[in-house]
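Comments concern the structure below.
Numbering (full-length UniProt numbering), first residue to last: 1 to 349.
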């Protein structure tokens, strides 16, 4: 007679281990029965471990931590000066050991509906050659290649035919354009006694969820107002993102009230990092930016932050913390799909 008990072992392969005992004595059978019951009692815990092990946002080949830099630079009405300042910030970030660099929203232009069509440029499609005719993207591509960094190039006004978008180009250390995220949710608000702004007066919304696969891990990209919609962040997390990079220009109404709250909430909800990079405040601009670039951890902590002036933040992204948090509090296995359901379009990835 043979007896089998399934042991859920945390082996590197993650496979179930089957132990077989032949001609077991009464004592052996008793012990085996106790062990089986113990394993069965922990069945859900074991499955939760296995789920996290399988759906981790990074594989064993890319578990190294890395440094991220948030470049809080001042934007003016001088496009050439803005681009030069961005390239200088990328160089400084690389010298400080950053492997992923993030620029602010609308870093090459004023944040203003009247300015968007004036400063707008074409952005090539991912994988296409980035030539000098794409002025801002060419400078960013060359900087990413020269300083060997992954670069989330803030955002710039993009012209595509008759439409304008608020778009974020993403570059590899070889200078390749890996992706471009077009802001999905346009900033249309009217807060009594506060900010009134309608991006839809000049811009069109994007229609894609952006998750970029890199050697550092999967990087989600969103822009500013996108962060207010938890479904977008959840979709990126489900597609394996270990970090969401957010070029963002909150203002003096929404910034003090919601900036830190939103970044920490999205990080905590999805158990990943949120890297929010804002522009430094330009006292002479019509739109006063909040600044306060920050990195939030999967545990909801503020890893590093600054205030409203120009600054360069460099911090370590600990990818094992993403996995550890998801294992310790396995939210993805505890959601009640019998009560509620979350869907998103894979075609939009």
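For each residue, glycine too, the CB sits at the ideal point set by N, CA and C.
Checklist entry - With burial defined as no fewer than 16 other Cβ atoms inside 10 Å of the residue's Cβ, what is the status of residue 323: buried or exposed? => result buried
Item to check | Length-filtered (3 minimum) beta strand (DSSP E) runs lying within the segment 177–248 | outcome: 177–182, 188–190, 196–198, 210–214, 217–221, 241–247
Item to check | Uninterrupted alpha helix (DSSP H) stretches inside the segment 250–304 (no shorter than 4 residues) | outcome: 254–270
Checklist entry - Taking the Cβ atom as the reference point for each residue, do residue 150 and residue 101 lie within a distance shorter than 9 Å? => result yes
Next on the checklist: On the criterion of 16 or more Cβ atoms from any shown chain inside 10 Å, does residue 319 qualify as buried, or is it exposed?
Outcome noted: Buried, because 16 or more other Cβ atoms sit within 10 Å of the Cβ of residue 319.
Checklist entry - How would you call residue 251, buried or exposed, if buried means at least 16 neighbouring beta carbons within 10 angstroms? => result buried
Item to check | Length of the line joining the Cα atoms of residue 248 and residue 64 | outcome: 27 Å
Next on the checklist: I need the straight-line Cα distance from residue 351 to residue 229, nearest angstrom please.
Outcome noted: What the structure shows of the chain is the stretch from 1 to 349, and residue 351 is not part of that stretch, so it cannot be assessed.
Item to check | Between the CA atoms of residue 301 and residue 336 - distance to the nearest angstrom | outcome: 27 Å
Item to check | With 16 other Cβ atoms within 10 Å as the buried cut-off, status of residue 17 | outcome: Caution applies to residue 17, whose pLDDT of 34 falls short of 50 and renders its modelled position unreliable; the value that the coordinates give is listed next. So residue 17 ends up on the exposed side.
Item to check | Short CB-CB distance (under 9 Å) between residue 234 and chain B | outcome: Of the chains in the structure shown, none is chain B; there is only one protein chain.
Checklist entry - Does the separation of the CB atoms of residue 200 and residue 186 fall below 9 Å? => result Yes. Within cutoff.
Checklist entry - Are the segment 202–216 and the segment 174–188 in contact at 8 Å, needing three or more beta carbon pairs? => result yes
Item to check | 6 Å CB neighbourhood of residue 85 in its chain, flanking five on each side removed | outcome: Take residue 85, set aside five residues on each side of it, and the residues of its chain with a beta-carbon closer than 6 Å to its own are 73, in chain order.
Checklist entry - Does the beta-carbon distance from residue 124 to residue 70 come in below 9 Å? => result No, the Cβ-Cβ distance between residue 124 and residue 70 is not below 9 Å.
Checklist entry - Around the Cβ of residue 78, are there at least 16 other Cβ atoms within 10 angstroms (buried) or fewer (exposed)? => result It counts as exposed.
Item to check | Cutoff 7 Å; reference residue 99; Cβ partners in own chain excluding five residues on either side | outcome: Spatial neighbours of residue 99 in its own chain (CB-CB distance under 7 Å, excluding positions within 5 residues in sequence) are listed in chain order as 66, 67, 149, 150, 216.
Next on the checklist: Can you tell me which residues form a DSSP beta bridge with residue 150?
Outcome noted: Answer is 100, bridged to residue 150.
Item to check | Every unbroken beta strand (DSSP E) inside the segment 110–163 [3 residues or more] | outcome: 150–152, 156–160
Checklist entry - When you compare each of 271, 223, 253, 254 to residue 238 by their alpha carbons, which one comes out closest? => result 271
Item to check | One or two residues paired with residue 317 in a DSSP bridge | outcome: 66
Item to check | Nearest candidate by alpha-carbon position, reference residue 307, set 145, 268, 277, 116 | outcome: 277
Next on the checklist: Suppose contacts are defined by Cβ-Cβ distances below 9 Å. Is residue 141 in contact with residue 116 by that definition?
Outcome noted: no
Checklist entry - Hey, residue 290 and residue 321: beta-carbon distance below 9 Å or not? => result For residue 290 and residue 321, no; Cβs fall outside 9 Å.
Item to check | Cutoff 6 Å; reference residue 246; Cβ partners in own chain excluding five residues on either side | outcome: 222, 227, 276
Next on the checklist: Whole angstroms are fine: how far does the CA of residue 339 sit from the CA of residue 312?
Outcome noted: 45 Å
Checklist entry - The alpha helix (DSSP H) spanning residue 348 covers which residue range? => result First-last for residue 348: undefined, no H or E at that position.
Next on the checklist: Classify residue 262: buried if its beta carbon has 16 or more other beta carbons within 10 angstroms, exposed otherwise.
Outcome noted: buried
Item to check | Exposure label - residue 349; buried when at least 16 CB within 10 Å | outcome: Burial call: exposed.
Item to check | Beta-carbon proximity list for residue 175, same chain, < 6 Å, skipping 5 on both sides | outcome: 141, 144, 145
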